[in-house]
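Undergrad: Please see the structure below; I have some questions.
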Amino acid sequence: MRKATNSGGPEAGSVSAHVAQLDGLRAFAVLCVLIQHGFPDQYVVNRVFPWGDAGVRLFFVLSGFLITRILLDCRGRGEREPSARGISLRHFYIRRALRILPVYFFVLATMALLDAPGVRDSWIWLATFTSNFLFASLGSWPGFINHLWTLAVEEQFYLIWPWVIAFVPRRTLVMVVIATVVSAPVWRAVSVEMGHNAIATSILTISCFDSLGMGALLAIARHASYGSPMLLDSLRRASLFVGVPLFIVAVGLHAEGRFAAVQLVIRDLAMALVFTWVVDRACDGFGGWIGRLLAWRPVRYVGKISYGIYLYHRFLRGFLFILVTEGYLPPPSSYLTRFLRIALGSLIIAMLSWHLFEAPINRLKRKFPYERAAGPESEPI
């Protein structure tokens, strides 16, 4: 067990390495999603491990951590300068909007023009970031838009979380976040008991509060002003000694295809705990080949454009299927070939999207700066 500290950031001179490793984790997360959607569900790769769920939960833990870290710094500035509190929150929402909305609506508009299945029929749900409610009510995944529920969860989280971090009293903040974490498995257990479908049990925003909340709890524990060595040490112990056994049980049940209801309740919590430990380690800097891999420039680049990869990949998979069905493309010679088509195609499209569209808009965020944080200067996406 590492010695707990509540340092607000890395030692001087090592910030870039820590940011690099967080970007590397994003690359790993999007690779997990690509594996899930690049291979058939019945293929052995997906039978032995829930890749898609793992990738999404890692994204959520990263988002909860980075968003909360930013908001804690904004809160600290507001406590020092009360007149700056409104400015900080306004800049937070503007920066999130600049990063997420332009490319999201560009993709939706393009897919609507191409008549991608599910887009036109679900336009209002997609445009208002409420598609998770639609999918939950249907109990199924319509068309090419299955993956967009995660963005609905993120946006709903953004609506409420800044106000929680900004205004919950300091002495009760940790307990509120812990209650947020606990609410997710409790909800999933109640949902299973009430006979709700598996999608409704898994993708409503409250269902994801353990992943988002664990990331937030890590941000508080590591923060110089709001955290403490005791809290950080307790979080690390829970992540390892509770998270790892739960994770092993959940993955074993997934591989055996048994006790689906138990999986629904415990799997996401297990992943939230384990990935909290992973993010914590990445902030301190993994050593050895893992650290070198996460900080390797090509891996960091994939992490930087992972939002685009995530947005485009499911649509690309659908259109590739249509092109093969209509005879415009030869069928893939193997499942691996299918995966490579989807992964490499998504990477190329995301690269073009980043350099031609997203990055120029992203630079506008310079006009709405946060106060310089002590820790890794990394955005949630």
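Start counting at 1 in the sequence shown, then tack on 1, and there's your number in this note's numbering. The C-beta atom is built at its ideal place from N, Cα and C for all residues, glycine as well.
According to the Cβ coordinates, are Val-243 and Ala-28 closer than 8 Å?
TA: Against the sequence shown, residue 243 aligns to sequence position 242. Against the sequence shown, residue 28 aligns to sequence position 27. Contact: no.
Undergrad: Is Phe-130 helix, strand or coil by DSSP?
TA: By one-based count along the sequence shown, residue 130 stands at place 129. It is coil, neither helix nor strand.
Undergrad: By Cβ distance, which residues of its chain are closer than 8 Å to Ala-167, with the 5 residues on each side in sequence left out?
TA: Stepping through the sequence shown from its first residue, residue 167 is reached at position 166. If we look at Ala-167 and ignore the five residues flanking it on each side, its Cβ neighbours are Leu-72, Cys-75, Arg-76, Gly-79, Arg-86 and Leu-90.
Undergrad: So, at 7 Å on beta carbons, what are the nonlocal neighbours of Ala-55 in its own chain, with the 5 sequence-adjacent residues on each side left out?
TA: Numbered from its first residue, the sequence shown carries residue 55 at position 54. Cβ neighbours of Ala-55 beyond the five flanking positions: Cys-33 and Met-272.
Undergrad: Which parts of the region 254-303 are runs of the alpha helix (DSSP H), unbroken and 4 residues or longer, counting only runs that do not cross its ends?
TA: Entirely contained in the region 254-303, the alpha helix (DSSP H) runs reaching 4 residues are, in chain order, 261-285 and 289-296.
Undergrad: Can you find at least 3 beta carbon pairs, one from the region 258-271 and one from the region 292-299, that sit closer than 8 Å?
TA: No, the region 258-271 is not in contact with the region 292-299.
Undergrad: Give a yes or no on whether the C-beta atoms belonging to His-92 and Ile-343 are separated by under 8 Å.
TA: In the sequence shown, residue 92 corresponds to position 91, counting from 1. In the sequence shown, residue 343 corresponds to position 342, counting from 1. It is not a contact, given that the beta carbons lie outside the stated cut-off.
Undergrad: Please work out which residues of its chain come closer than 6 Å, Cβ to Cβ, to Leu-247, disregarding the five sequence neighbours upstream and downstream, and give them in chain order.
TA: To locate residue 247, count along the sequence shown from 1; it is residue 246. The answer, listed in chain order, is Ile-267 and Ala-271.
Undergrad: Could you check what DSSP says for Gly-14 in three-state terms: helix, strand or coil?
TA: Your numbering for residue 14 matches position 13 in the sequence shown. Residue placement at Gly-14 is poorly supported in this model, since its pLDDT is 32, which falls under 50; the coordinates still yield a value, given next. Gly-14: coil per DSSP, three-state reduction.
Undergrad: Would you tell me roughly how many angstroms separate the C-alpha atoms of Cys-284 and Tyr-302, rounded to the nearest one?
TA: Residue mapping note: residue 284 aligns to position 283 of the sequence shown, counting from 1. Residue mapping note: residue 302 aligns to position 301 of the sequence shown, counting from 1. Each residue's Cα considered, the two are about 18 Å apart.
Undergrad: If contacts are defined as beta-carbon pairs under 8 Å, then Gly-309 and Ala-351 qualify, I think. What distance do you get, rounded to the angstrom?
TA: Sequence index remark: in the sequence shown, residue 309 carries index 308 (1-based). Sequence index remark: in the sequence shown, residue 351 carries index 350 (1-based). That belief holds up - the Cβ atoms of Gly-309 and Ala-351 are roughly 3 Å apart, short of 8 Å.
Undergrad: Which whole runs of the alpha helix (DSSP H) in the region 56-114 are 4 residues long or more, in chain order?
TA: For the region 56-114, whole alpha helix (DSSP H) runs of length 4 or above, ordered along the chain, are 86-114.
Undergrad: What does a CB cutoff of less than 6 Å around Leu-59 pick up in its chain, not counting 5 residues either side in sequence?
TA: To locate residue 59, count along the sequence shown from 1; it is residue 58. Contacts found: Ala-30 and Phe-276.
Undergrad: Across the region 228-238 and the region 150-163, are there enough close Cβ pairs to call them in contact, namely three or more that are closer than 8 Å?
TA: No, because fewer than three Cβ pairs between the region 228-238 and the region 150-163 fall closer than 8 Å, the two stretches do not touch.
Undergrad: In chain order, what residues of the same chain have a beta carbon less than 7 Å from the beta carbon of Glu-359, not counting five sequence neighbours either side?
TA: Looking up residue 359 in the sequence shown gives position 358. Same-chain partners within the cutoff: Val-104 and Gly-309.
Undergrad: Compare the C-alpha of Asp-24 against each of His-356, Ile-306 and Arg-364 and name the closest.
TA: As a position in the sequence shown, residue 24 is number 23, starting the count at 1. Nearest C-alpha to Asp-24: Ile-306.
Undergrad: Under DSSP, the alpha helix (DSSP H) around Asn-363 begins and ends at which residues?
TA: Start at 1 with the first residue of the sequence shown, and residue 363 comes out as number 362. It spans 360-363 - the alpha helix (DSSP H) in which Asn-363 sits, taken as one unbroken run.
Undergrad: Can you name the start and end residues of the alpha helix (DSSP H) that Asn-47 belongs to?
TA: Against the sequence shown, residue 47 aligns to sequence position 46. Here the alpha helix (DSSP H) through Asn-47 covers 45-49.
Undergrad: Work out the CA separation of Ala-137 and Leu-392 for me, nearest whole Å.
TA: Residue coverage of the chain in this structure runs from 2 to 382, which leaves residue 392 outside it and unanswerable.
Undergrad: Do you know offhand how far Leu-149's Cα is from Asn-363's?
TA: By one-based count along the sequence shown, residue 149 stands at place 148. By one-based count along the sequence shown, residue 363 stands at place 362. Approximately 21 Å, taken between the alpha carbons.
Undergrad: Going by DSSP in three states, Leu-241 sits in which element: helix, strand or coil?
TA: Within the sequence shown, numbered from 1, the residue matching residue 241 stands at position 240. Here Leu-241 sits in helix by DSSP.
Undergrad: So, with DSSP's three-state summary, where would you put Ser-8?
TA: Within the sequence shown, residue 8 is the residue found at index 7, counting from 1. For Ser-8, the pLDDT reaches just 45, beneath the cut-off of 50, and the residue's location in the model is therefore unreliable, although a value from the coordinates is still provided. Note: Ser-8 maps to coil in three-state DSSP.
Undergrad: Thinking just about the alpha-carbon of each residue, which of Ala-21, Ile-291 and Asn-47 is nearest to the one in Gly-253?
TA: Against the sequence shown, residue 253 aligns to sequence position 252. Ranking the options by Cα distance to Gly-253, first place goes to Asn-47.
Undergrad: Cβ atoms of Ile-221 and Ser-184: under 8 Å apart, would you say?
TA: Counted from its first residue, the sequence shown places residue 184 at position 183. Counted from its first residue, the sequence shown places residue 221 at position 220. Against a cut-off of 8 Å, the Cβ pair of Ile-221 and Ser-184 comes out as no contact.
Undergrad: For Ser-123, collect the residues of the same chain with a Cβ closer than 7 Å to its Cβ; drop the 5 residues on either side in sequence, then sort them by chain order.
TA: Locating residue 123 in the sequence shown gives position 122, counting from the first residue. For Ser-123, where only same-chain residues beyond five positions count, the Cβ hits under 7 Å are Ser-132, Leu-135, Pro-143 and Ile-146.
Undergrad: Check Val-120 in the structure and name its three-state DSSP category.
TA: Numbered from 1 along the sequence shown, position 119 holds the residue referred to as residue 120. Three-state result, Val-120: coil.
Undergrad: Which residues in the same chain as Glu-327 place their Cβ atom closer than 8 Å to its Cβ, once the five residues preceding and following it in sequence are excluded?
TA: Your numbering for residue 327 matches position 326 in the sequence shown. Within the same chain, Glu-327 has no close Cβ partners at all.
Undergrad: Please classify Gly-346: does DSSP put it in a helix, a strand, or coil?
TA: What you label residue 346 is simply residue 345 of the sequence shown in a count that begins at 1. It is helical.
Undergrad: Out of curiosity, what's the CA-to-CA distance linking Pro-170 and Phe-210?
TA: The sequence position of residue 170 within the sequence shown is 169, counting from 1. The sequence position of residue 210 within the sequence shown is 209, counting from 1. Distance between the alpha carbons of Pro-170 and Phe-210 is about 20 Å.
Undergrad: Would you report the Cα separation of Glu-12 and Val-280, rounded to the nearest angstrom?
TA: Numbered from its first residue, the sequence shown carries residue 12 at position 11. Numbered from its first residue, the sequence shown carries residue 280 at position 279. Low per-residue confidence applies at Glu-12: pLDDT is 31, beneath 50, and the placement is therefore not dependable enough to give any value.
Undergrad: How many Å lie between Leu-330 and Trp-52 at the Cα?
TA: Locating residue 330 in the sequence shown gives position 329, counting from the first residue. Locating residue 52 in the sequence shown gives position 51, counting from the first residue. Cα-Cα distance, rounded: 27 Å.
Undergrad: Classify Gln-43 as buried or exposed, calling it buried when 16 or more other Cβ atoms lie within 10 Å of its own Cβ.
TA: In the sequence shown, counting from the first residue as 1, residue 43 sits at position 42. Exposed, since its Cβ has fewer than 16 Cβ neighbours within 10 Å.
Undergrad: How big is the Cα-Cα spacing for Trp-162 and Phe-50?
TA: In the sequence shown, counting from the first residue as 1, residue 162 sits at position 161. In the sequence shown, counting from the first residue as 1, residue 50 sits at position 49. Whole-angstrom Cα-Cα distance: 31 Å.
Undergrad: Comparing C-alpha positions only, which one of Glu-194, Leu-345 and Arg-223 sits nearest to Leu-317?
TA: Along the sequence shown, one-based indexing puts residue 317 at 316. Nearest option by C-alpha distance: Leu-345.
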